[in-house]
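Only one structure is covered here, and it is reproduced in the block below.
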Ligand code: CDP
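Shown next as structure tokens:
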């Protein structure tokens, strides 16, 4: 058994950072090593953006009333991969489309959308033993998280990682378009009034430029185990 569960104290880990920093991959692998759950909150915002396009309600139509009946489902396979449904329809692949990516930051600025998702994210995090990634997890969703991480990398490296991901998924793209898309989305996410992306002074700032994924995961797991030990000793 790993250090994450051996002590009987299951902490909450918040991973925030800009687009393409590898947050979801790191969060999923760290969660698996610790025997924790993981939640990719970006996928939830993407699901709402998909819904705005599919229903034709558009971003302006995402009101409290419209969202009341929306059901977003997150299912996990044994290997930790997540599938996403909107009102029962599997949209796991579609939420990564360029159409969804193009509007997701605007969708995420809508107060009704943030209200809708915040409530659900907090319910899902109840009880601890979770790694949650997004933009405002440490600052707004789970401010009491025992471990907060700001995960980043240079914009060129983030675009290159995203290009590799897209190639694996069979999606056509080019570096210039990706660089422009990531830069625009980061600036929108950092400058919005509600729950902007910020590097909190209380977060561990982890720049992963040039750092292999396995090493990042090892570092985060080691830090989590340290925090778990210190939390247990403090009780
Ligand atoms: O995976 P990628 O870095 O492309 O982004 P994502 O995690 O899928 O998030 C998509 C978008 O959702 C972000 O650009 C934000 O605008 C929004 N988001 C947010 O506002 N708050 C979160 N906690 C997570 C995502």
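Residue numbers (the numbering used here): 26 to 260. Ideal placement from N, C-alpha and C gives every residue a C-beta, glycine not left out. Keep in mind that this is a model prediction, so the values were computed, not measured.
Please classify residue i: does DSSP put it in a helix, a strand, or coil?
| i | result |
| --- | --- |
| residue 247 | helix |
| residue 199 | coil |
| residue 101 | strand |
| residue 130 | helix |
| residue 112 | coil |
| residue 141 | helix |
| residue 39 | strand |
| residue 62 | strand |
| residue 231 | strand |
Is residue i near ligand 1, with its Cβ less than 7 angstroms from a heavy atom?
| i | result |
| --- | --- |
| residue 194 | no |
| residue 161 | yes |
| residue 214 | yes |
| residue 66 | yes |
| residue 129 | yes |
| residue 175 | no |
| residue 210 | yes |
| residue 164 | no |
| residue 186 | no |
| residue 45 | yes |
| residue 150 | no |
| residue 247 | no |
Would you grab the beta carbon distance between residue i and residue j for me? Rounded to a whole angstrom, and I think it's under 8 angstroms.
| i | j | result |
| --- | --- | --- |
| residue 300 | residue 175 | Outside the shown range of the chain (26 to 260) lies residue 300, about which nothing can therefore be said. |
| residue 159 | residue 67 | 6 angstroms |
Practice prompt. Entirely within the region 152-193 and at least 3 residues each: give me those beta strand (DSSP E) ranges in chain order.
Written response: 155-159, 172-177
Worksheet item: Are the region 83-96 and the region 186-193 touching, with three or more C-beta to C-beta distances below 8 angstroms?
Response: no
Item to complete: Mind the definition here: the region 235-250 touches the region 190-198 only if three or more C-beta pairs lie below 8 angstroms; say whether that holds.
Response: no
Worksheet item: For the region 71-86 against the region 41-50, are there 3 or more C-beta pairs whose distance is under 8 angstroms?
Response: no
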